[in-house]
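Participant: When you read off a place in the sequence shown, starting at 1, and then add 41, the result is the number in the numbering used here. Note that beta-carbon positions come from the ideal geometry of N, C-alpha and C, so glycine has one too. Quantities reported herein were computed from a predicted structural model and do not represent experimental measurements.
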Amino acid sequence: MIMPNIGAFIAWGLITALFIPTGWLPNESLAQMVDPIIRILLPVLIAYTGGRMVHGQRGAVVGAVAVMGVVVGTESPMFLGAMIIGPLTALILKYVDKFTEQRTKAGFEMLVDNFSAGIVGGAMAIVGYYAIGPIVQAVTTAAGNAVEWLISNNLLPIASVLIEPAKVLFLNNAINHGVLSPLGVAEAAESGKSILFMLESNPGPGLGLLLAFLLFGPRAMRPTTPPPP
Numbered sequence: 042m043i044m045p046n047i048g049a050f051i052a053w054g055l056i057t058a059l060f061i062p063t064g065w066l067p068n069e070s071l072a073q074m075v076d077p078i079i080r081i082l083l084p085v086l087i088a089y090t091g092g093r094m095v096h097g098q099r100g101a102v103v104g105a106v107a108v109m110g111v112v113v114g115t116e117s118p119m120f121l122g123a124m125i126i127g128p129l130t131a132l133i134l135k136y137v138d139k140f141t142e143q144r145t146k147a148g149f150e151m152l153v154d155n156f157s158a159g160i161v162g163g164a165m166a167i168v169g170y171y172a173i174g175p176i177v178q179a180v181t182t183a184a185g186n187a188v189e190w191l192i193s194n195n196l197l198p199i200a201s202v203l204i205e206p207a208k209v210l211f212l213n214n215a216i217n218h219g220v221l222s223p224l225g226v227a228e229a230a231e232s233g234k235s236i237l238f239m240l241e242s243n244p245g246p247g248l249g250l251l252l253a254f255l256l257f258g259p260r261a262m263r264p265t266t267p268p269p270p
């Protein structure tokens, strides 16, 4: 869901770096694009892509509609909310389509398809506003408070204690794009930079673990440690 939209993230990053008050070419008018892109456009693109992966173009459309409930119902960038509600809404529509396709009379397919998509998308937007958005907001706020505490106490490297096991469990993208990126984006919008973008991508802790395993791990298991290229 994230990778196909990296170009949009880069475009936002360039606009932010150039035109915010602390940017290279401060411009109050152009800087007005920063907040709508990060709060609306990027979550919609993520939800659209997630919905398309699950149920094609129809899933993409309802995913984009549904994510608006999450966007409007919260104040922080809803990347994680978009990654949840986009595919979920598309999956619901997929099952609705399976239910209706055998029960729709010839000539009414377009009418039924359009109304079912509208009903599912609108209903999930309401669910996103009242349920998914607040839950994700609470999770993001808690994560932000934890990261802020680590930064204020000069303990940021301890974050790797959580990030590195997540990489083993293939949850690194969820942590990076769902938690660290929204927090980093909020910081970057204010100050033009954020160290949070570098936490998940930092190879140092992983290299340290591999070296420790290679040098001090069980002798029989040491050959399984990948050597450096």
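(1) Can the beta-carbon of glycine 104 be found less than 8 Å from the beta-carbon of tyrosine 170?
(2) Taking all protein chains shown into account, do 16 or more other C-beta atoms lie within 10 angstroms of the C-beta of tyrosine 136, making it buried, or fewer, making it exposed?
(3) Kindly indicate the opening and closing residues of the alpha helix (DSSP H) around lysine 234.
(4) Once you ignore the five residues that flank alanine 166 on each side, which residues in its own chain have a CB closer than 7 Å to its CB?
(5) Does the beta-carbon of valine 112 have 16 or more other beta-carbons within 10 angstroms, so that it is buried, or is it exposed?
(6) Distance, Cα to Cα, glycine 122 vs glycine 174?
(7) Can you tell which of Phe254, Leu224, Leu255 has its C-alpha closest to the C-alpha of leucine 240?
(8) To the nearest angstrom, report how far apart alanine 230 and leucine 256 are at their CA atoms.
(9) Fully enclosed by the region 45–76, which alpha helix (DSSP H) runs are 4 residues long or longer?
(10) Would alanine 72 pass as a contact of isoleucine 87 if the rule is Cβ separation under 8 Å?
(11) Rounded to the nearest angstrom, what separates alanine 227 and phenylalanine 156 at their Cα positions?
(12) Give the DSSP-derived three-state secondary structure of serine 242 in the structure shown.
(13) Measuring straight from C-alpha to C-alpha, what distance separates asparagine 46 and proline 84?
(14) Do valine 75 and threonine 63 have their C-beta atoms within less than 8 Å of each other?
(15) Would you say glycine 100 and leucine 134 are within 8 Å of each other, going by their C-beta atoms?
Facilitator: Result, derived from the coordinates:
(1) no
(2) Looking at its Cβ environment, which holds fewer than 16 other Cβ atoms inside 10 Å, tyrosine 136 is exposed.
(3) Segment: none, lysine 234 is in no alpha helix (DSSP H) and carries neither H nor E.
(4) In chain order, Val106, Ala107, Met109, Gly110 place their CB closer than 7 Å to the CB of alanine 166, counting only its own chain and leaving out the 5 sequence neighbours on each side.
(5) Here valine 112 is buried: its Cβ has 16 or more other Cβ atoms, across all protein chains shown, within 10 Å.
(6) So the alpha carbons of these two residues sit roughly 6 Å apart.
(7) Leu224
(8) 43 Å
(9) Qualifying alpha helix (DSSP H) stretches, in chain order: 47–60.
(10) no
(11) So the two alpha carbons sit approximately 37 Å from each other.
(12) Look at serine 242 here: in three-state DSSP terms it is coil, with no helix or strand label.
(13) 10 Å
(14) no
(15) yes
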